[in-house]
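Residue numbers for the sequence shown follow the working numbering, so the first one is 561 and each next one is one higher. We treat Cβ as the ideally placed atom computed from N, Cα and C, and that holds for glycine. Encoded as structure tokens, the structure appears first; notes follow it.
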Amino acid sequence: MQAGCDMLMKQLLKSILRRFQKPVYRLARELVDFYEYSGYYGNIDLHTMMTLAERKTLESIVARKKPEVAVEIGSWKGASTTIIARHSGVVYAIDPFTGAPDSWEVHSAARHDVLKVFRNNLRIMGISNVIPIVGKSADVFNVFGRCVDFVFIDGDHTRPGILADLRWREKLRFGGVICGHDAETYYSELPEELRMEVKKSTADYLVDRGLHPGVIYALYTVFHDEHMIEPGTSIWWCQC
Ligand SMILES: C[S@@+](CC[C@H](N)C(=O)[O-])C[C@H]1O[C@@H](n2cnc3c(N)ncnc32)[C@H](O)[C@@H]1O
């Protein structure tokens, strides 16, 4: 009788588990992703606009390249910097640490010292191969020779800003990789009416379209859409 009850209990538990396993697993996965995506771990504030998939993609691109010298344009609190640093000899992280003009970052940067947060994050994570350069990418363009293996662009997202930053490909050694964030699609793959809108737009982000017109059109102008955009992300890259 007891054995029969145990068996029944086990079957009941199994069927309950089967029914709830997937949703519980999915919920747990979403919680972990949310935690990672939020970028807050104890004293570390690595808040970023890059999704988990985008961070993993950036990591796989830079890990493949293993740059001796990397340049990052637009570091904010260092989420992308720490990824690049893990696989690089040295990283020059260029950022005025004041936020992109007309963006939410400016208001955030007015409330707290972003450079201090950036340095604190690197210190806690034990990363010592990052050299912050406090200023705009254009200010130090001429300081660098053709000595860079990897450039990551996530700074000024206006079209003139991106076009200027794409000139950093001139700093790449043979086989170097230039990549960046916020290319949601290829310009040539947009429907005709959206192409017009993107081409004419001077905004850095079209909220209702979920597109960065400056990035999308600048990449089309420079690479004729022969760059790669990694599926499911807005990470673009090109080997030069
Ligand atoms: C979107 S955030 C970068 C986020 C960072 N890559 C991450 O994933 O955590 C953009 C950053 O670019 C910086 N920025 C804006 N214009 C810049 C410029 N001309 N040169 C370098 N950095 C710039 C801003 O101060 C801001 O910190």
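Quiz item: Going by the CB atoms, is the gap between Y747 and I789 shorter than 8 Å?
Solution: It is not a contact, given that the beta carbons lie outside the stated cut-off.
Quiz prompt | For Y652, the residue or residues it bridges with in DSSP | solution = DSSP lists V631 and I691 as the beta-bridge partner residues of Y652.
Quiz item: My guess is that V708 and K731 are in contact by the Cβ rule of under 8 Å, so how many angstroms apart are they, rounded?
Solution: So it is a contact: roughly 4 Å between Cβ atoms.
Quiz item: For the stretch 692–752, which segments carrying the alpha helix (DSSP H) assignment without a break, of at least 4 residues, lie completely within its bounds, in sequence order?
Solution: Complete alpha helix (DSSP H) runs here, min 4: 697–700 and 719–726.
Exercise. Go to W664, then tell me how far its alpha helix (DSSP H) extends in each direction, as first and last residue.
Key: W664 -> alpha helix (DSSP H) spans W664 to R671.
Practice problem: Could you round the C-beta distance between L801 and V694 to whole angstroms and report it? I think they count as a contact, below 8 Å. | Solution: This structure leaves residue 801 out entirely; the chain is present only between 561 and 800.
Quiz item: Is any heavy atom of ligand 1 found at a distance shorter than 7 Å from the C-beta of W636?
Solution: Yes.
Quiz item: By Cβ distance below 6 Å, which residues in the same chain neighbour Q799 in space, the five residues on each side in sequence not counted?
Solution: Cβ contact annotation for Q799 (same chain, cutoff 6 Å, sequence separation greater than five): V737, in chain order.
Practice problem: List the DSSP bridge partners of M788. | Solution: DSSP lists W797 as partners of M788.
Exercise. Return helix, strand or coil for L618, following the three-state DSSP convention.
Key: For L618, the three-state secondary structure derived from DSSP is helix.
Quiz item: If you draw a straight line from the alpha carbon of Y597 to that of L568, how long is it in whole angstroms?
Solution: With a pLDDT of 47 at Y597, under the threshold of 50, the modelled position of that residue is not reliable, and the figure given next carries that caveat. Taking the straight line joining both Cα atoms gives about 42 Å.
Quiz prompt | Anticipated Cβ contact below 8 Å, F712 with I633, distance rounded | solution = The beta carbons of F712 and I633 sit about 7 Å from each other, so the pair counts as a contact at 8 Å.
Quiz item: Which residues in the same chain as L723 place their Cβ atom closer than 6 Å to its Cβ, once the five residues preceding and following it in sequence are excluded?
Solution: Short of 6 Å from the beta carbon of L723, and not among the five residues preceding or following it, lie these beta carbons of its own chain, in chain order: A778.
Self-check item: Boundaries of the alpha helix (DSSP H) in which L675 is found, first to last residue
Solution: Run containing L675: V674 to I684, per the alpha helix (DSSP H) assignment.
Self-check item: L606 (DSSP reduced to helix, strand or coil)
Solution: Under the three-state reduction of DSSP, L606 is assigned to coil, being neither helix nor strand.
Self-check item: Range of the contiguous alpha helix (DSSP H) that encloses S640
Solution: Looking at the DSSP string, the run of the alpha helix (DSSP H) that includes S640 is A639 to A645.
Exercise. For E628, collect the residues of the same chain with a Cβ closer than 6 Å to its Cβ; drop the 5 residues on either side in sequence, then sort them by chain order.
Key: For E628, where only same-chain residues beyond five positions count, the Cβ hits under 6 Å are G649 and D709.
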